[in-house]
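Written below as structure tokens is the structure these notes are about.
Number of protein chains: 2
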Amino acid sequence: MATARTSAAARPYHHGSLREALVEAGLSLARTGGPEAVLLRAVSREAGVSHNAAYRHFADHDELLGAVGERCMRRLALLMGTRTDEVRVRQPVKRARAELDAIGRAYIEFAQTEPGWFRTAFAAVKSDQPGDHAQLSAAETPPSARELNPYQLLSARLDRLVEVGEVPAERRPGAEYSAWSVVHGLSCLLVDGPLRYLPPAEIEVAINTALALVQRGL
Amino acid sequence: MATARTSAAARPYHHGSLREALVEAGLSLARTGGPEAVLLRAVSREAGVSHNAAYRHFADHDELLGAVGERCMRRLALLMGTRTDEVRVRQPVKRARAELDAIGRAYIEFAQTEPGWFRTAFAAVKSDQPGDHAQLSAAETPPSARELNPYQLLSARLDRLVEVGEVPAERRPGAEYSAWSVVHGLSCLLVDGPLRYLPPAEIEVAINTALALVQRGL
DNA sequence: GACGGCATGTTGACACTGACAACATGACAA
DNA sequence: TTGTCATGTTGTCAGTGTCAACATGCCGTC
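So the protein sequences, as listed, match chains A and B. Quick note: to get my numbering, add 8 to the position in the first sequence (first position is 1). Quick note: to get my numbering, add 8 to the position in the second sequence (first position is 1).
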């Protein structure tokens, strides 16, 4: 008896933390197969549990996929944070620009190195309420730790560009939509869309011109 | 005989033009339900034919979805062409800019007014060969009629901007990737993504700033 | 003008999925 | 000790894509 899928511990009683195990399994499946690989039954199988067990932790398939998607989104935000911290420029104005460039590059880098997760992060958002699009600003959460989402990270960089005087204040409203659109659009076209099989050299060109467009156009 | 499948006439012999009927049915389903509504069985049902009939015209589900997606893409290109033709500016330089703006607006307009078709146009491209990404330039087709795809329409507008001197020639390479990314990204975010429930006023802001970014940044 | 080939459409089956209902187990409190 | 109830299981159902076997009737050939 007592076979564990990840660690060597025997399955204790009721498995203990199945919800977490299911999300983890979903993450693993999504990494290679994208959101369409996050099947209720496949996830249960992966977690070493019978199908329908997931229904004790998620209302339906969408809710499971949503939970996995949230984790993917967090990973995206994490990479964006990491790449921002790696910026070594000291001069404030140049630094502000470099940091914006860094989170943009990180966004595209994530889409390219983890296409399954990237697609899952955005495919998952299917069934959520029109709730004033509050999830963008992360609602209640105090902006304490590294708990920021991609949208918030971007907003902070844009605010900084206004502070240092590189972007006129009257252009600030709506700027996150534009900047986000560029990197998100290119990511989608490269990962999923018609630019999927672009040769690497052309991909490089596309990324650089896209990010340059943001820097010039803001 | 010679009955249309939509009217109430008796089905003649072997249906006559099932392939076309299937694609048409798929288009109808995709319009309201997006690509996930283009089910092999649902399409067959809609066309008044038994399931598996479609296998005489399409290798599998992906091929049917691909055919429907092509039609969606063509409709997108059609709207872009229409909106370009509606530009009334005479002065060549201003006209070049206005036309670029028009195809960008048309792209987003299509995504918003026909989200099901928009998503199908890009969801369909799943299984096609890495064939040198030739489908972008539409391979053999002479650029004769209104047969241009969205990518070609965009390229033509960018070429024109260089001609009239509004865009320096050294910035031309890769420009279609950037411009495309902006409108595609915004469309995805608005239709499918986290900006789905943005209030209409904010949507207006987002569209205008995004298009302004393109004009300024090229 | 009869005949036969063959593209086209149908019926039936199988494995897979998400979802529901009924049942089993065992942790924990009374 | 006992009973409750969250948690996990088994069984089932409708719906899907796909394959194989079968039916139909249009067309060219003799």
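C-beta atoms are modelled at their ideal positions from N, C-alpha and C, and glycine is treated no differently. Quick caveat, the model's predicted, so the values are computed rather than measured.
Taking the beta carbon of Val199 (chain B) as the centre, do at least 16 other beta carbons fall within 10 Å, making it buried, or is it exposed?
Residue mapping note: residue 199 (chain B) aligns to position 191 of the second sequence, counting from 1. That one is buried.
With a 10 Å radius around its C-beta and 16 neighbouring C-beta atoms as the bar for buried, classify Gly124 (chain A) as buried or exposed.
Position 116 of the first sequence holds residue 124 (chain A). Flag for Gly124 (chain A) reads buried.
Comparing the C-beta of Leu221 (chain A) with each C-beta of chain B, is any distance below 8 Å?
Along the first sequence, read from residue 1 onward, the residue named residue 221 (chain A) stands at position 213. Interface residue, yes.
DSSP three-state assignment for Asp93 (chain A), whether helix, strand or coil
Position 85 of the first sequence, counting from 1, holds the residue named residue 93 (chain A). Reduced to three states, the DSSP call for Asp93 (chain A) is helix.
Residues in the same chain with beta-carbon distance under 7 Å from Arg79 (chain A), minus the five sequence neighbours each way, listed in chain order, please.
Stepping through the first sequence from its first residue, residue 79 (chain A) is reached at position 71. Closer than 7 Å at the Cβ level, and outside the excluded window around Arg79 (chain A), lie Val31 and Leu35.
To the nearest angstrom, report how far apart Glu122 (chain A) and Ser195 (chain B) are at their CA atoms.
If you number the first sequence from 1, residue 122 (chain A) lands on position 114. If you number the second sequence from 1, residue 195 (chain B) lands on position 187. Distance between the alpha carbons of Glu122 (chain A) and Ser195 (chain B): 22 Å.
8 Å is my cut-off, CB to CB: does Arg105 (chain A) come that close to chain B?
On the first sequence, position 97 is the one that residue 105 (chain A) refers to. Answer no: the Cβ-Cβ gap between Arg105 (chain A) and chain B never drops below 8 Å.
Check whether the Cβ atoms of Ala114 (chain B) and Leu87 (chain B) lie closer than 8 Å to each other.
If you number the second sequence from 1, residue 114 (chain B) lands on position 106. If you number the second sequence from 1, residue 87 (chain B) lands on position 79. Against a cut-off of 8 Å, the Cβ pair of Leu87 (chain B) and Ala114 (chain B) comes out as a contact.
According to DSSP, is Phe130 (chain B) helix, strand or coil?
Here residue 130 (chain B) refers to the residue found at position 122 of the second sequence. The answer is helix: DSSP assigns Phe130 (chain B) an H, G or I state.
Proximity below 8 Å, CB of Leu197 (chain A) to CB of Trp188 (chain B)
Within the first sequence, residue 197 (chain A) is the residue found at index 189, counting from 1. Within the second sequence, residue 188 (chain B) is the residue found at index 180, counting from 1. Yes, the Cβ-Cβ distance between Leu197 (chain A) and Trp188 (chain B) is below 8 Å.
Quick test of the definition: if touching needs 3 or more C-beta pairs under 8 Å, does the segment 48-61 of chain A touch the segment 95-106 of chain A?
no
Same chain, Cβ closer than 8 Å to Arg39 (chain A), neighbours up to 5 away in sequence not counted
Within the first sequence, residue 39 (chain A) is the residue found at index 31, counting from 1. Cβ neighbours of Arg39 (chain A) beyond the five flanking positions: Glu122, Gly124 and Trp125.
Since I believe Glu178 (chain A) is in contact with Val101 (chain A) (beta carbons under 8 Å), could you give me their beta-carbon distance rounded to a whole number of angstroms?
In the first sequence, residue 101 (chain A) corresponds to position 93, counting from 1. In the first sequence, residue 178 (chain A) corresponds to position 170, counting from 1. Contact flag wrong, Cβ pair sits at about 19 Å.
Quick test of your reading: Leu156 (chain B) and Ala85 (chain B), contact by CB under 8 Å. State the CB separation rounded to the nearest angstrom.
Walking along the second sequence from the start, residue 156 (chain B) turns up at place 148. Walking along the second sequence from the start, residue 85 (chain B) turns up at place 77. The pair is a contact, with the Cβ atoms about 6 Å apart (cut-off 8 Å).
Could you tell me if Gly24 (chain A) is buried or exposed, where buried requires 16 or more neighbouring beta carbons within 10 angstroms of its beta carbon?
Position 16 of the first sequence, counted from the start, is the residue given in the question as residue 24 (chain A). With fewer than 16 other Cβ atoms within 10 Å, it is exposed.
Identify the contact partners of Cys196 (chain B) in chain A, using a Cβ-Cβ distance below 9 Å as the criterion.
Position 188 of the second sequence, counted from the first residue, corresponds to residue 196 (chain B). Near Cys196 (chain B) (Cβ distances below 9 Å), the residues of chain A are Phe130, Ser189, His192, Gly193 and Cys196.
Interface partners of Leu144 (chain A) on chain B, CB under 7 Å:
To locate residue 144 (chain A), count along the first sequence from 1; it is residue 136. Residues of chain B passing the Cβ test: Pro202.
Can you list, in chain order, the residues of its chain with a C-beta nearer than 7 Å to that of Ile111 (chain B)? Leave out the 5 residues immediately preceding and following it.
Counted from its first residue, the second sequence places residue 111 (chain B) at position 103. These residues qualify, in order along the chain: Met88, Arg91, Thr92, Leu161, Leu162 and Arg165.
Tell me where the alpha helix (DSSP H) around Gly225 (chain A) begins and ends.
Position 217 of the first sequence, counted from the first residue, corresponds to residue 225 (chain A). Residues Pro208 to Gly225.
Can a CB atom of chain A be found closer than 8 Å to the CB of Tyr63 (chain B)?
In the second sequence, residue 63 (chain B) corresponds to position 55, counting from 1. It does not; no Cβ of chain A falls within 8 Å.
How far does the alpha helix (DSSP H) with Phe118 (chain B) in it extend, from its first residue to its last?
In the second sequence, the residue the question calls residue 118 (chain B) occupies position 110. Per DSSP, Phe118 (chain B) belongs to the alpha helix (DSSP H) from Pro100 to Thr121.
Could you compute how far the alpha carbon of Arg105 (chain A) sits from the alpha carbon of Leu169 (chain A)?
In the first sequence, counting from the first residue as 1, residue 105 (chain A) sits at position 97. In the first sequence, counting from the first residue as 1, residue 169 (chain A) sits at position 161. One C-alpha to the other measures close to 7 Å.
Indicate the three-state DSSP secondary structure (helix, strand or coil) for Leu73 (chain A) in the structure shown.
Translated into the one-based positions of the first sequence, residue 73 (chain A) becomes position 65. Three-state result, Leu73 (chain A): helix.
Would you mind reading off the limits of the alpha helix (DSSP H) that contains Leu162 (chain A)?
To locate residue 162 (chain A), count along the first sequence from 1; it is residue 154. Where Leu162 (chain A) is concerned, the enclosing alpha helix (DSSP H) stretches over Pro158 to Glu171.
Say whether chain B places a C-beta atom closer than 8 Å to the C-beta of Pro208 (chain A).
For this step, residue 208 (chain A) is matched to residue 200 along the first sequence. Output row for Pro208 (chain A): interface = no.
How should Ala67 (chain A) be labelled, buried or exposed, when 16 other C-beta atoms within 10 angstroms of its C-beta is the threshold for buried?
For this step, residue 67 (chain A) is matched to residue 59 along the first sequence. Label assigned to Ala67 (chain A): exposed.
Compare the C-beta of Thr40 (chain B) with all C-beta atoms of chain A and state if any pair is closer than 8 Å.
Here residue 40 (chain B) refers to the residue found at position 32 of the second sequence. Taking Cβ atoms only, chain A never reaches closer than 8 Å to Thr40 (chain B), which makes this a no.
For Leu226 (chain A), go through chain B and note every residue whose CB falls closer than 9 Å to its CB, in chain order.
For the purposes of this step, residue 226 (chain A) is taken as residue 218 along the first sequence, with counting starting at 1. Under the 9 Å cutoff, chain B gives Leu221, Arg224 and Gly225.
Ser152 (chain B) to Arg82 (chain B) span [Cα, whole Å]:
Within the second sequence, the letter at position 144 stands for residue 152 (chain B). Within the second sequence, the letter at position 74 stands for residue 82 (chain B). For Ser152 (chain B), the pLDDT reaches just 49, beneath the cut-off of 50, and the residue's location in the model is therefore unreliable, although a value from the coordinates is still provided. The alpha-carbon atoms of Ser152 (chain B) and Arg82 (chain B) are separated by roughly 15 Å.
For Pro158 (chain A), count neighbouring C-beta atoms within 10 Å of its own C-beta (all shown protein chains included) and say buried if the count is 16 or more, exposed if not.
For this step, residue 158 (chain A) is matched to residue 150 along the first sequence. Burial call: buried.
State the DSSP-derived secondary structure class of Ala67 (chain A), mapped to helix, strand or coil.
By one-based count along the first sequence, residue 67 (chain A) stands at place 59. In this structure, Ala67 (chain A) counts as coil in the three-state DSSP scheme.
Residues of its chain near Leu37 (chain B), where Cβ-Cβ distance is below 7 Å and the 5 sequence neighbours each way are ignored
Taking the first residue of the second sequence as position 1, residue 37 (chain B) is located at position 29. Excluding positions up to five away in sequence, the list reads Ala45, Val46, Ala50, Val51 and Glu54.
Report back the beta-carbon spacing between Asp109 (chain B) and Leu219 (chain B) to the nearest angstrom; my notes put them in contact at under 8 Å.
Position 101 of the second sequence, counted from the start, is the residue given in the question as residue 109 (chain B). Position 211 of the second sequence, counted from the start, is the residue given in the question as residue 219 (chain B). About 6 Å separates the two Cβ atoms, so the contact holds.
Within chain B, the residues that Pro123 (chain A) reaches when beta carbons sit closer than 7 Å:
Within the first sequence, the letter at position 115 stands for residue 123 (chain A). Those do not exist, as Pro123 (chain A) stays about 13 Å from chain B at its closest Cβ, beyond 7 Å.
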